[in-house]
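Chemist:
Residue numbers (our numbering): 106 to 507.
#1: Round the Cβ separation of residue 298 and residue 279 to the nearest angstrom and send it over; I've been treating them as touching at under 8 Å.
#2: Going along the chain, which residues of its own chain have a beta-carbon closer than 7 Å to the beta-carbon of residue 294, five neighbours each way excluded?
#3: Any contact between the segment 154-172 and the segment 113-133? By contact I mean 3 or more CB pairs, one from each, below 8 Å.
#4: Alpha carbon to alpha carbon, how far is residue 143 from residue 460?
#5: Taking the straight line between their C-alpha atoms, what separation do you get for residue 264 and residue 451?
#6: Could you tell me the distance, in whole angstroms, from the CA atom of residue 329 to the CA atom of residue 466?
#7: For residue 306, count neighbouring Cβ atoms within 10 angstroms of its own Cβ and tell me buried if that reaches 16, exposed if not.
#8: Measure how close the beta-carbons of residue 405 and residue 222 come, nearest whole angstrom, since I'm counting them as under 8 Å.
#9: Using the Cα positions of residue 154 and residue 478, report the straight-line distance between them to the nearest angstrom.
#10: Starting from residue 500 and walking both ways along the alpha helix (DSSP H), at which residues does that stretch end?
#11: Need the endpoints of the alpha helix (DSSP H) that residue 248 sits in, please.
#12: Could you give the uninterrupted runs of the alpha helix (DSSP H) lying entirely in the segment 424-481, keeping only those of 4 residues or more?
#13: Please go through the same chain and pick out, in chain order, the residues whose beta-carbon is closer than 6 Å to the beta-carbon of residue 120, but skip the five residues on each side of it.
#14: Assuming residue 208 and residue 249 are in contact, meaning their beta carbons sit under 8 Å apart, how far apart are those beta carbons, in whole angstroms?
#15: Give the straight-line distance between the Cα atoms of residue 428 and residue 210, rounded to the nearest whole angstrom.
#16: Please report how far the alpha carbon of residue 170 lies from the alpha carbon of residue 131, in whole angstroms.
#17: Am I right that residue 446 and residue 496 are in contact with their C-beta atoms under 8 Å? What's the rounded C-beta distance?
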């Protein structure tokens, strides 16, 4: 009977070693938050340590903490596909251990992952669950953070009133708590809501407030994101030189701090400005350069936007067949994401192309598809309704082959 007791000693030590290892890596992550290169070098070891800890009863709490702490890096560097399994495992551990605060954090992170990958309905469901937990716990900071994230799910799903309401509630919470970093995030998201509704002066104000707050905090990554959004507002205002300057500065900062994936997204913004300044071939080349990255990462929302833009550029370069192919793939991706707004926009763009080339019957089909999507939205943006109405009238009056 002595042998089993002796055998238990090494096993217990091994289990303690897994827990100590996870805690050690957690300390490392907390100390290296600003050093993406260090986290990238150790990412395989970090993932292995987190998985081992989540599977070992004595180490599970440390494993959850490590997974949650690594999310900002995972989000920034585009390591989403390999992290989904760990987040789901962490969620089951939180439930088993009855750790609702950590469960809310993991739900929120799974929601952000779903949003990034374009699964907006799943993102909404995850974050509604996180919000309910935070409110039950009286966790005001958690509630505000989730509300800020939920605003973007509502925006993607076409419920602009709910999106703005989330921003208002989140801003009030963080102003009360004096949390400038989270308030900057809310202003940035609020600006996106206003921009979708073409309230450009309000959008600019929110993005500029976010930029000032991020700069005061020394947060270069956040400051660059806000600068890109300021540049996009300038573009929509027709202030193209200012737009290009803002966006180029944002790209330089992202590259400086190693935000390669975000830099690629920002290059998409710069390409649109280049097109509007008459440099369409250059804009198309920039999009073709970043497209493989988004395909590799499986980011359907970004890829759908890139393909829609390629359709615009190809149409301008008189390459209609390639433009139609790009638009139709964009529509498929947006529909797979549940993103009716961008799907309807791409359908409108495709219909305009077809009308330009006399394919009236097919154009009418695309407009009927877009109309059905707009009818399904709780509050479709006015600009999209206006574009659709203009094209529908043109299609009604047009004569041409199918």
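All residues carry an ideal CB built from backbone N, CA and C; glycine is no exception.
Modeler: Once the coordinates are examined:
#1: Your numbering for residue 298 matches position 193 in the chain shown. Your numbering for residue 279 matches position 174 in the chain shown. Actually they do not touch by this definition, with Cβ atoms about 16 Å apart.
#2: Start at 1 with the first residue of the chain shown, and residue 294 comes out as number 189. Same-chain partners within the cutoff: 253, 256, 257, 272.
#3: yes
#4: By 1-based counting over the chain shown, the position of residue 143 is 38. By 1-based counting over the chain shown, the position of residue 460 is 355. Roughly 53 Å between the two C-alpha positions.
#5: Taking the chain shown and counting its residues from 1, one reaches residue 264 at position 159. Taking the chain shown and counting its residues from 1, one reaches residue 451 at position 346. Computed Cα separation, rounded: 19 Å.
#6: Position 224 of the chain shown holds residue 329. Position 361 of the chain shown holds residue 466. If I take the Cα positions, the gap works out to 45 Å.
#7: Numbered from 1 along the chain shown, position 201 holds the residue referred to as residue 306. Label assigned to residue 306: exposed.
#8: Working through the chain shown from its first residue, we reach residue 405 at position 300. Working through the chain shown from its first residue, we reach residue 222 at position 117. Indeed they touch by this definition, with Cβ atoms about 6 Å apart.
#9: The residue you call residue 154 lines up with position 49 of the chain shown. The residue you call residue 478 lines up with position 373 of the chain shown. So the two alpha carbons sit approximately 45 Å from each other.
#10: Reading the chain shown from its first residue, position 395 is the one you call residue 500. Start and end: 487-502.
#11: Counting from 1 along the chain shown, the entry for residue 248 is found at position 143. 245-261 is the span of the alpha helix (DSSP H), which, as asked, contains residue 248.
#12: If we require 4 residues or more, the alpha helix (DSSP H) runs fully inside the segment 424-481 come out as 425-442, 445-461, 465-480.
#13: Locating residue 120 in the chain shown gives position 15, where the first residue counts as 1. Excluding positions up to five away in sequence, the list reads 161, 163.
#14: Counting from one through the chain shown, the residue named residue 208 turns up at place 103. Counting from one through the chain shown, the residue named residue 249 turns up at place 144. With a Cβ gap of about 18 Å, residue 208 and residue 249 do not count as contacting.
#15: For this step, residue 428 is matched to residue 323 along the chain shown. For this step, residue 210 is matched to residue 105 along the chain shown. Approximately 42 Å, taken between the alpha carbons.
#16: Here residue 170 corresponds to residue number 65 of the chain shown, with the count starting at 1. Here residue 131 corresponds to residue number 26 of the chain shown, with the count starting at 1. Going by the C-alpha atoms only, they are around 7 Å apart.
#17: Position 341 of the chain shown holds residue 446. Position 391 of the chain shown holds residue 496. About 16 Å separates the Cβ atoms of residue 446 and residue 496, ruling out a contact at the 8 Å cut-off.
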